[in-house]
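The structure appears right after this line, and notes come after that.
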Amino acid sequence: MGSAQDLQLAFDTSDLAANLALAYFESGVPATLKADGTPVTEADRAVERLFRETLAAARPGDALLGEELGRLGESDRVWIIDPVDGTSFFSRRDPNWRVHLALEVAGRTEIAVVTAPALRRCWWATRGGGAFESSWPREEAEAKRLEVSTTSTLADARLDALDDASRARLPRSGGRAPASPLPLVELVRGETDAFLVERYHIWDHAPWILLVEEAGGRFTDRTGGRAGDQGGGLYSNANLHDQLRTALRYPVRP
């Protein structure tokens, strides 16, 4: 198996999942609360089941890790699934939700595909191969390579964070980007310079860490590393990253 075959499998499986999720979205489904207080719909469970069935048939030796159904298998190749990222958007018929799929190999994300079927957009990245955006369904000729901004001074920066408490920790010398339902999309497009999100799980972050890094940006988790399972962290362009990390007093790993 090569990265090209894995990427094609990720595309094909994400397309199936996106179409199923879109059908649920267009018909409307109510949300209920899970034990942790986060919303879930029947679409989340159905889409994750489709992901698992399709990936298990194509790569029976690989492990699976999803938001709704947990982990299956112990391989060092792990497909990480978020069937509907942004369930609160989804359940209130707001199109700004996504379908996430990432492939982690030996602890490092190698492939990421994020699809927003209600917006008709798709973003993907491969380790060492760049990050891209296109319409969805994808048309190869239309794919655009993504690049983060080149802003290098905080005075010129456009910064944002997940919530008010996090925004208050950002350097006052930096400007504030307008609130967005898709802040990391704006970051990889070079429209904003940094986003602080100290929350959520590996299935929320794994694809975006790779997308940001392959667009030329950087990510630091709350322990000073680059892992998606540490409850989020700081995403930014390369030029501002160390300045922001210092301002936030993030740990530094040698």
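According to the numbering used here, the stretch in the sequence shown is residues -18 to 235, in order.
Even glycine gets a Cβ: it sits at the ideal position worked out from N, Cα and C.
Could you name the residues of the same chain whose beta carbon sits closer than 6 Å to that of residue i, not counting the 5 residues immediately before and after it, in chain order?
i: A(-1); result: V80, T96 and P98
i: G171; result: E128, V129 and S130
Using only alpha-carbon positions, find the residue among the options that is nearest to residue i.
i: V59; options: W78, P76 and L82; result: L82
i: L143; options: S(-5), P232, R30 and R157; result: R157
i: E128; options: W184, L191 and L100; result: L191
i: Y5; options: F32, K15 and T22; result: T22
i: A149; options: S133, E172, R73 and L177; result: L177
i: W117; options: W105, G109 and G111; result: W105
i: T134; options: S161, A228, G205 and L1; result: A228
i: A24; options: D57, L14 and F71; result: F71
i: P166; options: A196, Y181, H182 and R153; result: The question names Pro, yet the displayed sequence has Val at residue 166. The candidate whose alpha carbon is nearest that of V166 is A196.
i: S69; options: D(-7), G205, T13 and Q211; result: T13
i: G9; options: G212, R73, Q(-14) and R126; result: R73
i: W184; options: L1, P11 and R52; result: R52
Near residue i, what residues of its chain come up, given a Cβ to Cβ distance below 7 Å and the 5 sequence neighbours on each side ignored?
i: G281; result: In the structure displayed, the chain extends from -18 to 235; residue 281 sits before or after that span and is not available.
i: S217; result: D174, A175, G198, R199 and L225
i: L163; result: N77
i: G214; result: E179, F200, T201, D202 and R203
i: L151; result: L140, A142 and L177
i: G67; result: N77, W78 and R79
i: A138; result: T132, G155, G156, D174, A175 and L221
i: D75; result: none
i: L(-3); result: L31 and T35
i: S56; result: G42, D43 and A44
Leaving out five residues on either side along the sequence, give the residues of the same chain with a beta carbon under 8 Å from the beta carbon of residue i.
i: E236; result: The requested residue 236 is not part of the displayed model; the chain covers only -18 to 235.
i: P235; result: Residue confidence for P235 is low, a pLDDT of 42 falling below 50, so the modelled location carries little weight; the figure read from the coordinates is stated next. Excluding residues within five positions, none has a Cβ falling inside 8 Å.
i: Q211; result: D202, R203 and T204
Just to check my reading of the structure: residue i and residue j have Cβ atoms closer than 8 Å, yes? What is that Cβ distance to the nearest angstrom?
i: L(-10); j: A39; result: 5 Å
i: A124; j: F113; result: 5 Å
i: E85; j: A187; result: 6 Å
Quiz item: What beta strand (DSSP E) runs, 3 residues minimum, are completely inside the stretch 94 to 119?
Solution: 102 to 107 and 111 to 116
Exercise. Can you check the stretch 182 to 209 for any alpha helix (DSSP H) of at least 4 residues that lies completely inside it and give the ranges in chain order?
Key: Listed in chain order, the complete alpha helix (DSSP H) runs (minimum 4 residues) inside the stretch 182 to 209 are 183 to 195.
Quiz item: Which runs of the beta strand (DSSP E) spanning at least 3 residues fall entirely within the stretch 38 to 75, listed in chain order?
Solution: 44 to 47, 51 to 53 and 58 to 66
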